[in-house]
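Engineer: Sharing a structure, written as structure tokens. Questions coming.
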Amino acid sequence: MKFFIDTANLDQIREAQDLGVLDGVTTNPSLMAKEGITGEANILKHYVDICNIVTGDVSAEVIATDYAGIVSEGERLAKLHPQIVVKVPMIKDGIKAIRYFSNKGIKTNCTLVFSAGQALLAAKAGATYVSPFLGRLDDINYDGVELISQIVHIYRMYDYPTQVLAASIRNPLHIVRCAEAGADVATCPLNAILDLLKHPLTDIGLAKFLADAKKFQTESVK
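The sequence shown begins at 24 in the working numbering and counts up by one.
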């Protein structure tokens, strides 16, 4: 399973890249605003800055919601860098635009997916990635990981090449469960990735090893 980081923070992206496990980045207008990135020119430059840090795909989201606007904005984003994936909302004109982009060889990420039916349409249109938002489903008492499993099952049954990109991940358990469900990608905040490192028995074991090593070194000096 690939690990994408869901942020527009360059320092966090660098930290994840340096960890050696990062495969790509997803971001959106809200995450850009959170980092104080405003204005079209600054946003476009920021996408390029992200691409220059990572080696994998970088999802850049369109703002437009009409077909002509999505196509125009998406083509502009795709020209920024070969790693750019145009992020398109799951709406009627979005699906039409995904088919257009697919025919043009432009990679896409269909976002705001909350049902298997929506995921099926995205795959039929030729989306490179589909992004089910499992955390938001959990918020309304629906098992978001179950949707991931359902979409994976459908795609594999019909050999759709569209990759399942599990989004709205809140914690390390989400990551593990998505891996078990067969998700191709998990995109999450840096803290969720770093939390995978943690286990109390690891801390206890390391403390014992270090204590034993110190004792051995002390005895050797004697």
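No residue lacks a Cβ here, since even glycine has one placed at the ideal position from N, Cα and C.
Rank V44, A150 and A139 by C-alpha distance to the C-alpha of S82 and give the top, closest one.
Structural biologist: Answer by Cα proximity: A150.
Engineer: What are the residues that DSSP puts in a beta bridge with F27?
Structural biologist: G47 and T210.
Engineer: What runs of the beta strand (DSSP E), each 3 residues or longer, lie entirely inside the segment 42-87?
Structural biologist: With a minimum length of 3 residues, the continuous beta strand (DSSP E) runs that stay inside the segment 42-87 are 47-49 and 80-84.
Engineer: Tell me which residue opens and which closes the beta strand (DSSP E) that Q106 is part of.
Structural biologist: Where Q106 is concerned, there is no enclosing beta strand (DSSP E), given that its DSSP letter is neither H nor E.
Engineer: Would you mind stating whether P212 and T30 have Cβ atoms separated by less than 8 Å?
Structural biologist: Result yes, Cβ atoms of P212 and T30 sit closer than 8 Å.
Engineer: The alpha helix (DSSP H) that contains S125, what's its start and end?
Structural biologist: Segment K115 to K127, the alpha helix (DSSP H) holding S125.
Engineer: Which parts of the segment 128-159 are runs of the alpha helix (DSSP H), unbroken and 4 residues or longer, counting only runs that do not cross its ends?
Structural biologist: With a minimum length of 4 residues, the continuous alpha helix (DSSP H) runs that stay inside the segment 128-159 are 139-148.
Engineer: May I have the straight-line CA-CA distance separating G79 from K238, to the nearest angstrom?
Structural biologist: Cα to Cα, the separation comes out at about 46 Å.
Engineer: Assess, as a yes-or-no matter, whether the segment 209-228 is touched by the segment 181-194 under the definition of 3 or more beta carbon pairs within less than 8 Å.
Structural biologist: Touching, per the Cβ criterion.
Engineer: Buried or exposed: where does P184 fall if 16 or more other Cβ atoms within 10 Å of its Cβ makes it buried?
Structural biologist: P184 should be labelled exposed.
Engineer: Quick one, which of N32, V77, Q40 and A142 has its alpha-carbon nearest H104's?
Structural biologist: For H104, the nearest C-alpha among the options comes from V77.
Engineer: For the candidate residues T131, I227 and A204, whose alpha-carbon lies nearest to that of V111?
Structural biologist: The option with the nearest alpha carbon to V111 is T131.
Engineer: May I ask you to report which of helix, strand or coil DSSP gives L248?
Structural biologist: The structure shown does not extend to residue 248, since the chain is modelled only from 24 to 245, so the question has no answer here.
Engineer: Compare the C-alpha of C201 against each of D182, D34, Y123 and I171 and name the closest.
Structural biologist: The candidate whose alpha carbon is nearest that of C201 is I171.
Engineer: Determine the closest residue to A120 out of K102, I107, A145 and G140, with distance taken between C-alpha atoms.
Structural biologist: Residue A145 is the option with its Cα nearest to A120.
Engineer: Do you know whose CA, among L217, D226 and A234, lies nearest I28's CA?
Structural biologist: Nearest option by C-alpha distance: L217.
Engineer: List the residues that DSSP assigns as beta-bridge partners of L224.
Structural biologist: Answer is none; L224 lacks a bridge partner.
Engineer: Between which two residues does the beta strand (DSSP E) harbouring L170 extend?
Structural biologist: Segment G167 to Y181 is the alpha helix (DSSP H) holding L170; no beta strand (DSSP E) there.
Engineer: With the cut-off set at 8 Å, would you say V85 and V109 are in Cβ contact?
Structural biologist: A contact, by the Cβ cut-off of 8 Å.
Engineer: Output yes or no for whether 8 Å exceeds the beta carbon distance between L229 and A189.
Structural biologist: No; because the gap between Cβ atoms is not below 8 Å, this pair is not in contact.
Engineer: Since Q186 and Y165 should fall inside the 8 Å C-beta cutoff, what is the C-beta to C-beta distance between them, to a whole number of angstroms?
Structural biologist: Going by Cβ atoms, the distance from Q186 to Y165 rounds to 22 Å, so no, they are not a contact pair.
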